[in-house]
Every structure is written in structure tokens, then in C-alpha cells.
Amino acid sequence: MLDVSVSYNRYKFLGHEFLTWLWFLMEKERSFLQTEVPELTSLEVGNRIVLENRFNEGVEIITIKGDDAGLEEGMLSLRKGAVVTEFHLSFTAGDQQWQFILKGESLNVSNLKVPKTGNVESGEELEGAVLEKAYLFEKVIELINILYKSFIKLRISSEWKEKTVPEIRKWIYA
Amino acid sequence: MGLLSSSVSITCYKVDGTLEDPFMDTVEKKLKQNMIMEIDDDVSEKAIGWTSMENPYQPKFEGSSFCIGTYLVFALRIDQKSIPAKVLKKFYVLEMLKMLSETGRKYLNNTEKRMVKDRIYSTLLRRYPATPKIYDLIWNYEGSFLWFFSNQKSANEEFETLFSKTFQLSLIRLFPYTIADLNAGLSDSQREQLNKLSPTQFSE
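Line by line, the protein sequences give chains P and U.
Using this note's numbering, read the first sequence as starting at 1 and increasing by one per residue.
Using this note's numbering, read the second sequence as starting at 1001 and increasing by one per residue.
Next comes the structure, spelled out in C-alpha cells:
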């Protein structure tokens, strides 16, 4: 395996492409998401999306935030060559909802809010509370892992260049 | 950051290697060996060690108290003292004036100034309490994965260093390349493909 810091920097574009592909799926290929994660009811872009466009000598960062923000600027950025570097996502399974920020370069989860759990009133309840939280965290980690594994298998296949990228371009320029 | 907080951040790790049997006794022994030490009445500026999630200010690891279900749950604690520059300057100037008045001299040489500053700094370190930062973690030993509840670079680096020192296990941070390489079930030829990838241009 490559050195960790070298591989982190050299391949962080995979995380950015993953988020860009994920946006495409949420907009155009919802059935794929449902097939990959059967318990998923919905996966939506939340109130924040960050895109990055790298030029020869500089970087342009576009941040769109706000509960009712339009994503047209994001699409425009994609047309100019940007990729998604950060997403606020809302994930629903049944009547339970998770919200979190997913950063492309690390695939770290931040600001994760899980479905409401009971308050811990005593030390005896702590064990149950930890197990319940761990179960709810695992749902999000599992979701990311399943989708990322699908992405990476697609990414190293010929289908990526021959089918997926043209479809993403069609979506960007629609 | 507490795992029971209403909002959390998670960094995922893969843990490889085995600990000697009896497993729980080994974990308890290693946690105790690297438990946080109090530095409030000490000249130390910083302390890093393990603590219990339930009682972070009075850590106890007896009786597998860190084991919840199939998880090991404990926390990293980083205590740091920070003396404001203006407080240091005030006491340093007062001490210099006192020394000049006692000796009848007009100034101190550089060595004397540095000694005064060091002495004042040490005195203040004893008087200042450390600010504790606590970062919970959940370790699934059988599943070989660990969640550290912070994305802060410095906290993650301190955690990685202390974990490796404590358990002598391989701890690998999971990010796009390492997930693909270690957790995506790729064959050797697929891994070769992975290593050859270059960025896609989505725009025309």
C-alpha cells in the first residue's frame, strides 16, 4: 500500500468525484440508490454544498448554503469544470432522519444529527444509550461505505468512461 | 467531542492486529498504563492520556467498565494550560522591577531576564488549571474498526500516536484511497487499476 499521506493527497479527487456522482444519482438515478440501499427512503442535498474548480494557477471555491438555496449556481460551476467537495446530506429510512456533512477528500462525517434518542437519566441507562447511538451512527457509515464501494467498482471499470461520464455530462448541460 | 452529543463528527479507522489473551485484562492494563495524569498542581503544560467516557475527570478502567456490548468505549483526554501573554508580561515586569529595586541595579542582562521569565512562567503554570478536551471513541475489536469522535487534525494526530503507543496495533485512517484499497473487496488487478486512476473531467 502507498504511504498514507501520499495516497491521501494523490487520490482525494476520488472523494470529490464520488460526491459529484452522488449528486447525479440523487437527481437522476434514484432507483440505483434504492437498489444499493434497500432501506433508504430518501437521500437529499441538505442546506450546504461546496464545489471546487482548480485552474492551472489557482482554486475557485463555490459555497451554496441556506435551507431554500437554489442549486443552479452549483450546476453552472460543474459546467465550468468544478467538482463537489462537500455536501450537507439528509438521509431518511422509514420515519427516521439523519443529517450530516460529508467531506469528499477524507469522507469524514461531521455535524451528524441522528434520529432522536431518549435522555440518559442515570448511569445504568448509559450502556443502552451508547448502543442505540452506535447503531444509529453505523447506519450512516454503512450508507457511505455501500455507495462508495459501488462508486469505486464503477470508477475502475470501463463503464465509467463509456457510460457514466457521458450521462453525467448530459445532466450537467441539460 | 462526546458521542452522546446532539451533533457529532466521526473519523473512521481500521485496526489490524491482535492483543494477547486474556483480552479484557490486556486492554485494561494498557489503558491504565497510559491513563491521563493530572497536571493542575504541576509545572507541565500539557498532558495526553486515556480516560473513561462515563467519568472523564475521574477515570477508572476496572472491571471492564470500558466494554459496552461488543464495543470498547473510552476517550482521549488532552489537558493543556495556556497562559495569556499579557499575564506573563505583567508578572515578568513586576519581578524584574523587584529585583532591580532589591539590588540597586539599573538593568538586568539577557541571561538574567531569561531566567526571570522562565521562573515566572513555571510559577504561573503551577497556578493555572489545565483546560481539558475530551474525545470519545468506539472500538469494535472483532470488526476491526474504530470511530473517533472528532475530525480535528491535531486531535486525530494525538489519538493516532497514543493509540499506537498503547496497543502496538496498526491503525489506518479510512479515506477515499484506503477505503478503496482495504475495504472495497477489490482483486489485485482492480487494485492495480485503482493506482493508475487520474481525475475525470466532467465538463466539456
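Even for Gly, the Cβ is constructed at its ideal location relative to N, Cα and C.
query: List, in order along the chain, the chain U residues whose C-beta lies closer than 7 Å to that of Thr20/P?; result: Phe1202
query: Does the Cβ of Val59/P have 16 or more other Cβ atoms within 10 Å, making it buried, or fewer, making it exposed?; result: exposed
query: Are Tyr1177/U and Tyr11/P touching if we call contact CB-CB under 8 Å?; result: yes
query: Following the continuous alpha helix (DSSP H) through Ile141/P, name the residue where it begins and the one where it ends.; result: Gly123 to Arg155
query: With burial defined as no fewer than 16 other Cβ atoms inside 10 Å of the residue's Cβ, what is the status of Arg1126/U: buried or exposed?; result: exposed
query: Please name the residue, chosen from Ile146/P, Gln34/P and Glu105/P, that lies closest to Gly15/P on a Cα-to-Cα basis.; result: Glu105/P
query: Return helix, strand or coil for Leu1019/U, following the three-state DSSP convention.; result: coil
query: Let me see if you follow: with CB-CB separation under 8 Å, is Glu1054/U close to chain P or not?; result: yes
query: Mind pulling the beta strand (DSSP E) runs of 3 or more residues that sit fully within the segment 1005-1054 of chain U?; result: 1008-1016 and 1046-1051
query: Just by C-beta distance, which residues in the segment 1144-1168 of chain U are closer than 7 Å to chain P?; result: Trp1147 and Asn1151
query: So, does the CB of Asn145/P fall closer than 8 Å to a CB anywhere in chain U?; result: yes
query: Taking Cβ positions, are Val45/P and Leu89/P nearer each other than 8 Å?; result: yes
query: Using a Cβ cut-off of 8 Å, pull out every chain U residue sitting near Ile156/P, in sequence order please.; result: Leu1186, Gln1190, Gln1193, Leu1194 and Leu1197
query: Check for me: the beta strand (DSSP E) holding Leu1072/U runs from which residue to which?; result: Tyr1071 to Gln1080
query: Quick one, which residues of the segment 1055-1072 of chain U are near chain P if we go by CB-CB under 8 Å, in chain order?; result: Ile1068, Gly1069 and Tyr1071
query: According to DSSP, is Asp1136/U helix, strand or coil?; result: strand
query: Could one say the Cβ of Ser1170/U lies closer than 8 Å to chain P's Cβ atoms, at least one of them?; result: no
query: Could you pull out every residue in the same chain whose Cβ sits closer than 6 Å to the Cβ of Lys103/P, ignoring the five residues on either side in sequence?; result: Glu86
query: Any chance you could list the alpha helix (DSSP H) runs of at least 4 consecutive residues sitting entirely within the segment 1141-1167 of chain U, in chain order?; result: 1153-1167
query: Relative to the alpha-carbon of Gln1190/U, which residue among Trp98/P, Ser157/P, Gln99/P and Ser122/P has its alpha-carbon at the smallest distance?; result: Ser157/P
query: Assign Arg155/P to buried or exposed, taking buried as 16 or more other Cβ atoms, counted over all protein chains shown, within 10 Å of its Cβ.; result: buried
query: Mind checking Lys1081/U: buried by the 16 CB within 10 Å criterion, or exposed?; result: buried
query: Comparing alpha-carbon positions, which option in Arg48/P, Gly94/P and Asn111/P lies nearest Pro38/P?; result: Gly94/P
query: Starting from the beta carbon of Ser1007/U, find every residue of chain P whose beta carbon is closer than 7 Å, and list them in chain order.; result: Asn111, Leu112 and Lys113
query: Is the segment 1020-1035 of chain U touching the segment 1180-1188 of chain U, taking contact as three or more C-beta pairs under 8 Å?; result: no
query: Can you name the residues of chain P whose CB is closer than 8 Å to the CB of Asn1183/U?; result: Asn145 and Lys149
query: Beta carbon of Val83/P, beta carbon of Phe1202/U: below 8 Å?; result: yes
query: Suppose contacts are defined by Cβ-Cβ distances below 8 Å. Is Met1035/U in contact with Pro1056/U by that definition?; result: no
query: Assign Asp1079/U to one of two classes, buried (16 or more other C-beta atoms within 10 Å of its C-beta) or exposed (fewer than that).; result: buried
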